[in-house]
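Chemist:
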Amino acid sequence: MSNTVKIKSALISVYHKDKLDEIVKKLVELNVKIYSTGGTKDYLESSGIKVTAVEDITSYPSILGGRVKTLHPKVFGGILARRENNEDKQQLAKFEIPEMDMVIVDLYPFEETVASGAGENEIIEKIDIGGISLIRAAAKNFNDVLIVPSRNQYEALLHLLEEKNGETTIDDRRKFAIHAFNISSHYDTAIFNYFNQGDTDVFKQSILVSNPLRYGENPHQRGFFYGDMDALFDKLQGKEISYNNLLDIDAAVNLIAEFKDTAFAILKHNNACGIASRKTLTDAWNDALAGDPISAFGGILITNVEVNPDTASEINKLFFEVIIAPGYHREALEILVQKKNRIVLVQKKAALPDFQFRSLLNGVIGQDKDVKTESKSDMRVVTNTTPSQREFTDLEFANIVVKHSKSNTIVLAKNNQLLASGVGQTSRVDALKQAIAKAQNFGFDLKGSVMASDAFFPFPDCVEIAYNAGITAVIQPGGSIKDKDSIEFCNANNVAMVFTGIRHFRH
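Residue numbers for the sequence shown, in my numbering: 3 to 509.
What follows is the structure in structure tokens.
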């Protein structure tokens, strides 16, 4: 088995020509013979680079509007031939097939074309055939051939060429082959998912970008994030984002997206421990913090408006790990970056996936994202008492928060402020009692407040407990065989209750 291979010839077929110049310049210095075709050949020749046309090898021109250029035995024979196999060498000589020591490919931008909203004909034409075949062939024969499957590997290639003067080891070629199969499998997955929209018979996902984390949920666990954080955030400063930070950031981003008016939220362990919507950001911050100033310590902060200096001064009094906002006033940023480990993120306008999945047992479960948010028009009043306009507004607010809290959950709210919540309880009664106790502990008067539940009440005990605490309006999905009992209690005590018909479990 050969180990070191001196690169004497290279086939280059790329869609994007940027970043290619340095590579080609180095190949020329190393006296590497360059083969190419189509637009790549024209580009190289326009730069004064001597290129041998693939058509000169195959004696066939590019045909079918460029659909067939490199698909020929004289091209793939030179890539797939085993250098130490005598029969292969004899066939190369017999058919006058030149050996290819390196193949550089940059595929047609299929995903980018889909994302641009292009029509299907244009998308289909961006399914690369020759390029993907070149990648697979060269990667298969990594024992003799170096494959560079995308422009993202140009920097590593240039370093290799300079460091080893055009020679590659088997370890080098294997490493690049791994990248190649990653690129080809990802490309095919993207094509499959384009054609397979809405069909759930199979599960295929591929993410090229990965980031190792300090650790997983706990220090003894490894952790990784597969995705492109730079597409969602600009990180202005702070320590490395952790696995648990990411879980909270995800919860925070999805929660704040529900609000159009100025809002501020504080999250801990994926649940809001404080949130308020106000006319000014400082008021929203202060009222969010009032919801649970103890749990807010070390939390994740998020708002949907630019952070101003006054609010930043108030926020700076609290220890927190992450703050997320669409922007920061210059003076506000100067305040917030005083503590160097504090993670400061600018949230970009970017769409999030509408399909969710997670690993489970020996497989994966998936579901459509819960994008249903009930408004007043979705609420069916089932009691003699109708909520006031303020109560309807608070019911909408509380229902948003309950939707983004761990089940079983109860949320208590008043004047667009979270008073308290009971989350992650095995009993809905316990969740309610927890919420009432927390609200009272932080000095809130529950008289005139509203209650939201993520699922129906199986018994009337919750509305009775809520009434005794001063709650005057309730929102829940309904659907229990004993809904009538809860309705009768509310009617007897002038409590307003609405059904939405929508459950919001979150586990």
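Heads up, the beta-carbon is just placed ideally off N, CA and C, and yes, glycines get one too. Remember, it's a predicted structure, so these values are computed and weren't measured experimentally.
1) Would you identify the three-state DSSP class for Gln155, choosing helix, strand or coil?
2) Within 10 angstroms of the Cβ of His181, are there 16 or more other Cβ atoms? Answer buried if so, exposed if not.
3) Among the residues of its own chain, which have a CB less than 6 Å from the CB of Gln419, if the five just before and after it don't count?
4) Compare the C-alpha of Lys43 against each of Val26, Thr6, Arg392 and name the closest.
5) Short of 6 Å in beta carbon distance, which residues of its chain neighbour Met3, apart from the five on each side in sequence? Order them along the chain.
6) Any heavy atom of the ligand MG within a distance shorter than 7 Å of the CB on Leu354?
7) Specify the secondary structure class of Asn272 as computed by DSSP and reduced to three states.
8) Give the list of continuous alpha helix (DSSP H) stretches no shorter than 4 residues that lie fully inside the region 278-359.
9) Quick one: grab the DSSP three-state call for Glu466.
10) Alpha carbon to alpha carbon, how far is Gly225 from Asn246?
11) Got a sec, what are the start and stop residues for the alpha helix (DSSP H) Asp252 sits in?
12) Provide the residue span of the beta strand (DSSP E) that contains Val53, from first to last.
13) Please classify Lys8: does DSSP put it in a helix, a strand, or coil?
14) Ignore the nearest five residues each way along the sequence and tell me which others in Met499's own chain have a CB closer than 6 Å to its CB.
15) To the nearest angstrom, how far is it from the Cα of Glu157 to the Cα of Pro214?
16) Let me check one thing: in DSSP terms, what residues is Val366 bridge-paired to?
17) Output the boundary residues of the alpha helix (DSSP H) element that contains Ala457.
18) By Cβ distance below 6 Å, which residues in the same chain neighbour Gln427 in space, the five residues on each side in sequence not counted?
19) Asn495 by DSSP, collapsed to three states: which one?
20) Kindly confirm or deny that the region 318-334 and the region 348-358 touch, where touching means at least three C-beta pairs closer than 8 Å.
21) Can you find a C-beta in chain C that's less than 8 Å from the C-beta of Gln391?
22) By a C-beta neighbour count over all protein chains shown, 10 Å radius and 16 as the cutoff for buried, is Tyr469 buried or exposed?
23) For the alpha helix (DSSP H) that Gly424 lies in, which residues bound it at each end?
24) Check the C-beta distance from Pro479 over to Phe501 and give it rounded, since I have them as a contact under 8 Å.
25) Out of Ser48, Asp463, Arg153, which one is the CA nearest neighbour of Lys486?
26) What beta strand (DSSP E) runs, 3 residues minimum, are completely inside the region 108-191?
27) Please classify Met3: does DSSP put it in a helix, a strand, or coil?
28) If you run the structure through DSSP and keep just helix, strand and coil, what is Asp236?
29) Is the beta carbon of Asp532 less than 8 Å from the beta carbon of Val452?
Modeler: Concretely, from the data shown:
1) Looking up residue 155 in the sequence shown gives position 153. Of the three classes helix, strand and coil, the one that applies to Gln155 here is helix, per DSSP.
2) Within the sequence shown, numbered from 1, the residue matching residue 181 stands at position 179. Label assigned to His181: buried.
3) Translated into positions along the sequence shown, residue 419 becomes position 417. Excluding residues within five positions, the ones whose Cβ falls inside 6 Å are Ala278, Asp289.
4) Residue 43 sits at position 41 when you count from the first residue of the sequence shown. Comparing Cα-Cα distances from Lys43 to each of Val26, Thr6, Arg392, the minimum goes to Val26.
5) Stepping through the sequence shown from its first residue, residue 3 is reached at position 1. Residue placement at Met3 cannot be trusted, given a pLDDT of 45 that sits under 50; the coordinates are not used to answer.
6) The ligand MG is absent from the structure shown, which contains no ligands of any kind.
7) In the sequence shown, residue 272 corresponds to position 270, counting from 1. In this structure, Asn272 counts as coil in the three-state DSSP scheme.
8) 283-292, 311-317, 332-338
9) Taking the first residue of the sequence shown as position 1, residue 466 is located at position 464. It is helical.
10) Counted from its first residue, the sequence shown places residue 225 at position 223. Counted from its first residue, the sequence shown places residue 246 at position 244. C-alpha separation (whole angstroms): 10 Å.
11) In the sequence shown, the residue the question calls residue 252 occupies position 250. Residues 245-258.
12) The sequence position of residue 53 within the sequence shown is 51, counting from 1. No beta strand (DSSP E) holds Val53; DSSP gives it neither H nor E.
13) Looking up residue 8 in the sequence shown gives position 6. Lys8 falls in the strand class under three-state DSSP.
14) For this step, residue 499 is matched to residue 497 along the sequence shown. Within the same chain, Met499 has close Cβ partners Val384, Thr385, Val476, Cys492.
15) The residue given as residue 157 occupies position 155 in the sequence shown. The residue given as residue 214 occupies position 212 in the sequence shown. Roughly 21 Å separates the two Cα atoms.
16) The residue labelled residue 366 in the question sits at position 364 within the sequence shown. Val366 is bridged to Ser361.
17) As a position in the sequence shown, residue 457 is number 455, starting the count at 1. Careful: Ala457 lies outside any alpha helix (DSSP H) and carries neither H nor E.
18) Position 425 of the sequence shown, counted from the start, is the residue given in the question as residue 427. Closer than 6 Å at Cβ, skipping near neighbours: Asn410, Ala433.
19) Along the sequence shown, read from residue 1 onward, the residue named residue 495 stands at position 493. The answer is coil: DSSP assigns Asn495 none of H, G, I, E or B.
20) yes
21) You won't find chain C in this structure, because it holds only one protein chain.
22) Taking the sequence shown and counting its residues from 1, one reaches residue 469 at position 467. Buried, because 16 or more other Cβ atoms sit within 10 Å of the Cβ of Tyr469.
23) In the sequence shown, the residue the question calls residue 424 occupies position 422. Unbroken run through Gly424 is the beta strand (DSSP E), 420-424; no alpha helix (DSSP H).
24) Taking the first residue of the sequence shown as 1, we reach residue 479 at position 477. Taking the first residue of the sequence shown as 1, we reach residue 501 at position 499. So it is a contact: roughly 7 Å between Cβ atoms.
25) Here residue 486 is taken as the residue at index 484 of the sequence shown, counted from 1. Closest option to Lys486, Cα to Cα, is Asp463.
26) 148-150
27) Taking the sequence shown and counting its residues from 1, the one referred to as residue 3 is at position 1. Any reading at Met3 is ruled out, since the residue's pLDDT is 45, under 50, leaving its predicted position unreliable.
28) Position 234 of the sequence shown, counting from 1, holds the residue named residue 236. Note: Asp236 maps to strand in three-state DSSP.
29) Nothing about residue 532 can be reported from this structure: the residues present for the chain run from 3 to 509 only.
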